[in-house]
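Enquirer:
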Amino acid sequence: MLVGGADAHRHDLSSMVMLKDNHVWSRGSITDAVRAAKAVAGFSVKVEVEVQSEAEADEAIAAGADVVMLDNFTGDGVKVAASSLKTRWQGKRHFLLEVSGGLRADNVEPYVCNDVDIISTSSIHQGVPHIDFSLKIEH
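Just so you know, we're using numbering that gives the first Met the number 0 here: the sequence shown kicks off at 0 and counts up by one.
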């Protein structure tokens, strides 16, 4: 990974806060979820928000997200949204744009553009056996 310029997304849950749709739903809005996460995490932990639209990305950026993940966009959709977001927020807020959602070596090329900072994939560990475990609490 070091030779190819890759990096682990998060080493563990304390490395970065990642807000997904269920976190946003529980707080009522992206804005409230980001503010709550930043209040708990402190200044040294980055907050990432997974978004499904450019409007959600704008809300995440306005709320102070450090990383905005454009999830399950098309290649053309990524290029349009990324360019628009970087232009609109230039000089106002610093943030990184990440692209994710089913990306593999054989389909990633349409997503590559200068306005995208991070391209993430889970394909390098898909198919690896894993242990499924859970904790159930009974009253």
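The beta-carbon is built from N, C-alpha and C at its ideal position, and this holds for glycine as well. Keep in mind that this is a model prediction, so the values were computed, not measured.
(1) What does a CB cutoff of less than 6 Å around residue 115 pick up in its chain, not counting 5 residues either side in sequence?
(2) Quickly, what does DSSP pair residue 139 with across the bridge? List them, please.
(3) Helix, strand or coil: which one does DSSP assign to residue 13?
(4) Are residue 77 and residue 47 touching if we call contact CB-CB under 8 Å?
(5) Provide the residue(s) that pair with residue 70 in DSSP beta bridges, ordered along the chain.
(6) Quick one, are the C-beta atoms of residue 53 and residue 84 less than 8 Å apart?
(7) Over the uninterrupted alpha helix (DSSP H) stretch that includes residue 55, give me the two end residues.
(8) In terms of residues, what are the limits of the beta strand (DSSP E) holding residue 45?
(9) Spatial neighbours of residue 93 within its chain, please: CB distance less than 6 Å, with the 5 preceding and 5 following residues excluded, ordered by chain position.
(10) So residue 33 packs on residue 64, CB below 8 Å; how close in whole Å?
(11) Within 10 angstroms of the Cβ of residue 130, are there 16 or more other Cβ atoms? Answer buried if so, exposed if not.
(12) CB-CB under 7 Å to residue 29, same chain, minus the five flanking residues each way: which ones, in chain order?
(13) With a Cβ-Cβ cutoff of 8 Å, do residue 75 and residue 51 count as a contact?
Expert: In brief:
(1) Excluding positions up to five away in sequence, the list reads 81, 96 and 98.
(2) The structure shown does not extend to residue 139, since the chain is modelled only from 0 through 138, so no value can be given for it.
(3) Residue 13 falls in the coil class under three-state DSSP.
(4) No, these two residues do not count as a Cβ contact at 8 Å.
(5) BP columns for residue 70 point to 99.
(6) Yes, the pair counts as a contact, with Cβ atoms nearer than the cut-off.
(7) Looking at the DSSP string, the run of the alpha helix (DSSP H) that includes residue 55 is 53-62.
(8) Residues 45-50.
(9) Excluding sequence neighbours, residue 93 sits near nothing in its chain.
(10) With a beta-carbon spacing of about 5 Å, residue 33 and residue 64 fall inside the 8 Å limit used to define contacts.
(11) With a 10 Å radius around the Cβ and a threshold of 16 neighbouring Cβ atoms, residue 130 comes out exposed.
(12) Taken in chain order, the residues that qualify are 23, 48, 55, 58, 59 and 62.
(13) The answer is no: Cβ separation not under 8 Å.
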